[in-house]
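First residue of the sequence shown? That's 2 in this note's numbering, and the numbers climb one at a time after it. Taking it in order: structure first as structure tokens, then the write-up.
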Amino acid sequence: MCRPLGQHIWTPPHGEKKRAFCLEDKIFNYLNKKGVQKALHTRISSWQTCGAIWYDSKSIENSTISLLGTLVKSGVRVMVFSGDQDSVIPFFSTQSLLDGLAKDLGLYVGPYRPWYNGIKVYIYKCLIFIL
2 MCRPLGQHIW TPPHGEKKRA FCLEDKIFNY LNKKGVQKAL HTRISSWQTC
52 GAIWYDSKSI ENSTISLLGT LVKSGVRVMV FSGDQDSVIP FFSTQSLLDG
102 LAKDLGLYVG PYRPWYNGIK VYIYKCLIFI L
């Protein structure tokens, strides 16, 4: 989940300008809409950050595959989403992560495809792709 504007979550190497990877908290507004919750069949009425994960230049590239694997093996349902125009974590990186995780856990991965409801393709301003 993203942090509110102005809260930096990445500490650059000495001398570089600070910047936030997530600039707005629009995803919270989206996931907290009743219609979205109904479409996703969630029983969660209020999405929020579940932990303050602060990155620095040493940990920014740490893999999350083992963390996701631990969560899935313990029975936690995990939703992973990635936008097709995301410059921080592009779709192909997400696809590679999930394919590797499925292989490690012996899970089936179906073909990737657009999300349709009837003839309408679901592409949202803030949440473009859902796995």
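We treat Cβ as the ideally placed atom computed from N, Cα and C, and that holds for glycine. No experiment lies behind these values; they were computed from the predicted model shown.
Fill in: Classification of Y32 by the beta-carbon crowding that lies within 10 angstroms, buried from 16 upward
The count along the sequence shown starts at 1 and reaches residue 32 at position 31. A small fix is needed here, since residue 32 is Leu in this sequence, not Tyr. By the 10 Å Cβ count, L32 comes out buried.
Worksheet item: By the 10 Å Cβ neighbour count, where 16 or more other Cβ atoms means buried, how is K35 classified, buried or exposed?
Response: In the sequence shown, residue 35 corresponds to position 34, counting from 1. Exposed: under 16 other Cβ atoms inside 10 Å.
Worksheet item: Secondary structure at N30, three-state DSSP: helix, strand or coil?
Response: As a working note, residue 30 is residue 29 in the sequence shown. It is helical.
Worksheet item: What are the boundary residues of the alpha helix (DSSP H) that includes V73?
Response: Here residue 73 corresponds to residue number 72 of the sequence shown, with the count starting at 1. Residues I66 to K74.
Item to complete: Look up T43 in the DSSP assignment and say whether it is helix, strand or coil.
Response: One-based indexing of the sequence shown puts residue 43 at position 42. If DSSP states are grouped into helix, strand and coil, T43 belongs with coil.
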